[in-house]
Amino acid sequence: MSIELLINVTPSESRVALIENGVLQEIQLERIGNLGIVGNIYLGKISRVLPGMQAAFVDIGLEKAAFLHASDIVNSASIVEGVDDTPIKKVQDIRELVRQGQYIMVQVVKDPLGTKGARLTTDITIPSRYLVFMPDATHVGVSQRIETEEERGRLKKIVAEYSDENGSFIVRTAAEGASEAELRHDAAFLQKLWQKVVSRRKKTSKASILHEDLTLAFRTLRDYVGEDMERIRVDSKLTYQELKLFTEEFVPILSQVLEYYPGERPIFDLFDVENEIQKALHRKVTLKSGGYLIIDQTEAMTTVDVNTGAFVGHRNLEETIFNTNVEATSAIARQLRLRNLGGIIIIDFIDMVSEDHKRRVMHSLESALAKDRAKANINGLSALGLVEMTRKRTRESLEHILCDVCPACSGRGSQKTVETVCYELLREIVRVNRAYDADKFVVYAAPAVCEALLNDEYHNLAELELFIGKQVNIQVESLYSQEQFDVVMM
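All the letters of the sequence shown, read from the start, carry residue numbers 1 to 490 under the UniProt record's numbering.
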């Protein structure tokens, strides 16, 4: 598989596009005025304890208070006996763990999403190229993607030497084959960084930031270590030079594929990235066969509806449905990554009769999602033929970053018809006439509504004038939306 990264940097915004086999798979954005805070470590102040939710609101210096659940507090769980003496974990009461006014060191695991504040944990982790440092841990963990037992044992033995009462490490997938010197360098770097965090904590007596994660470009290179990267192109000379120094010190393997892109043609035009971003904002996604997906993102969940569309197949209906569903699985997996959709996701595949077809479609979906770096859990087909799944969400979706609620429809996705607005307007005239004494009325409305009142709905307007015994004048307001109108007394 050919993998390439395109890094586009401007004074106000940084964007990173992941290209696999010439096709855009992921897009990440970071704006100077709204930097992501996942991975940042703060000294926070408990502003409110909520026993009913087993959680607390924490002031970390942001506009919205952050959220800390009892289960996200280290050592909050105790082992108790369950049914048949089976040991189970029971989370302590939040009131036993924190108190209002208390200062506590926390790390952001989810950016503020919509109306919700950031999600926090006290289980601090600091990643580097090969290792993840865990200040509160005493054991060494090894990535499950390192499958060779001999290599796992070697890495665990080396890293264990650098673990002590101040913390331990998780060995990342990229550490497979790494030398002892490289692992020692990483461990020393992380321990030194942690000491800086501890030092800042001792000097601080108010809610403030103690450690800030890397910016998007640097974070991307750190996180993609271990991927078989063919090329990394950067269109900013200054950022390229900074990344060059960063890769030479921390990620030498990537310095060989990092290059500056000086071309006059915008870097995102190389693989039609800009057009793909625009398509990712549409509800409808067309499939090559002629079928299509409808993707709707709501506050509670994301729904994906699969349709055959213009695809009529070549053999029979059951085969047509199966082929459409299989093709949809790869398209769905790509759209989830591209749009950065997370949380609960419901997929409505076209109904299948054959159990073999159902099994093969589910296998195809699982295979497609296996390429996704975000963790996904699939619960299988429900009794209604729906696939219920979740995908880990840490940052806002592409739509929430690039778009705002439509002022005309307030996010409904539709607007009232001209006929509906006309009848609302006529009822409003009656209401105002009963409440106030006026000689006549002037109605200000959108052009389409005014045209309807003077033509198709003129007889209703004339009957209203006879009913209230007053004149109603119509005035066009070209800047009004279709649902907007004003009734003015004269």
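From the three backbone atoms N, C-alpha and C, an ideal C-beta is built for every residue, glycine too.
- In the three-state DSSP reduction, histidine 139 falls in the coil class, being neither helix nor strand.
- Distance from the CA atom of isoleucine 344 to the CA atom of glycine 380, rounded to whole angstroms, is 13 Å.
- Following the DSSP letters along the chain, one finds alanine 66 inside the beta strand (DSSP E) bounded by residues 66-69.
- The alpha-carbon separation between alanine 174 and tyrosine 130 amounts to approximately 6 Å.
- A check of alpha carbon separations from cysteine 403 across Lys156, Ile277 and Arg200 identifies Ile277 as the nearest.
- Excluding the 5 residues flanking it on each side, threonine 138 has same chain C-beta neighbours closer than 7 Å at Ser168, in chain order.
- Aspartate 72 sits in a helix when the DSSP states are folded into three classes.
- Methionine 1 sits in coil when the DSSP states are folded into three classes, being neither helix nor strand.
- DSSP, read as helix, strand or coil, puts methionine 53 in helix.
- The beta carbon of arginine 231 lies closer than 7 Å to those of Glu4, Val257 and Glu259 in the same chain, with the five residues before and after it left out.
- Considering only Gln482, Cys409 and Val432, the residue with the shortest C-alpha distance to alanine 445 is Gln482.
- By alpha-carbon distance to glutamine 241, the top candidate from Asp228, Ser255 and Met229 is Ser255.
- CA-to-CA, the gap between threonine 324 and histidine 400 works out to about 29 Å.
- Proximity of the region 328-345 to the region 419-428 falls short of the contact definition, fewer than three beta-carbon pairs being nearer than 8 Å.
- Going by C-alpha positions, glutamine 102 is about 5 Å away from isoleucine 46.
- Distance between leucine 317 and leucine 365, taken at the CA atoms: about 21 Å.
- Rounded to the nearest angstrom, the gap between the Cα atoms of serine 14 and asparagine 275 is 18 Å.
- In terms of Cβ geometry, phenylalanine 485 and valine 432 do not form a close pair [threshold 8 Å].
- With contacts defined by Cβ atoms closer than 8 Å, arginine 359 and alanine 374 do not form a contacting pair.
- Membership of tyrosine 458 in the alpha helix (DSSP H) is indicated by the continuous run 458-468.
- By a beta-carbon distance limit of 8 Å, valine 234 contacts isoleucine 7. Their separation comes to about 4 Å.
- Alanine 376 and alanine 333 have their C-alpha atoms roughly 10 Å apart.
- Three or more beta-carbon pairs separated by less than 8 Å link the region 52-71 to the region 114-122, which places the two stretches in contact.
- Per DSSP, reduced to three states, the secondary structure at asparagine 275 is helical.
- With 16 or more other CB atoms across the displayed protein chains lying within 10 angstroms of its CB, glutamine 28 is buried.
- Under the three-state reduction of DSSP output, arginine 129 falls in the coil class, being neither helix nor strand.
- Looking from the CA of leucine 210, the closest CA among Ile37, Lys440 and Asn455 belongs to Ile37.
- Taking C-beta atoms as the reference points, isoleucine 94 and glutamine 144 fail to come closer than 8 Å.
- In the DSSP assignment, serine 199 falls within the unbroken alpha helix (DSSP H) covering 180-203.
- The C-alpha of aspartate 228 lies about 8 Å from the C-alpha of serine 2.
- In the DSSP assignment, alanine 310 falls outside any alpha helix (DSSP H), carrying neither H nor E.
- Here lysine 110 is buried. Its C-beta has 16 or more other C-beta atoms within 10 Å.
- For threonine 220, the uninterrupted alpha helix (DSSP H) segment begins and ends at 216-223.
- Under the 10 Å beta carbon count, glutamine 475 is surrounded by fewer than 16 other beta carbons and is classified as exposed.
- Of the candidates Ile294, Asp351 and Leu336, the residue whose Cα lies closest to the Cα of threonine 320 is Asp351.
- Between leucine 155 and valine 171, the CB-CB gap stays under 8 Å.
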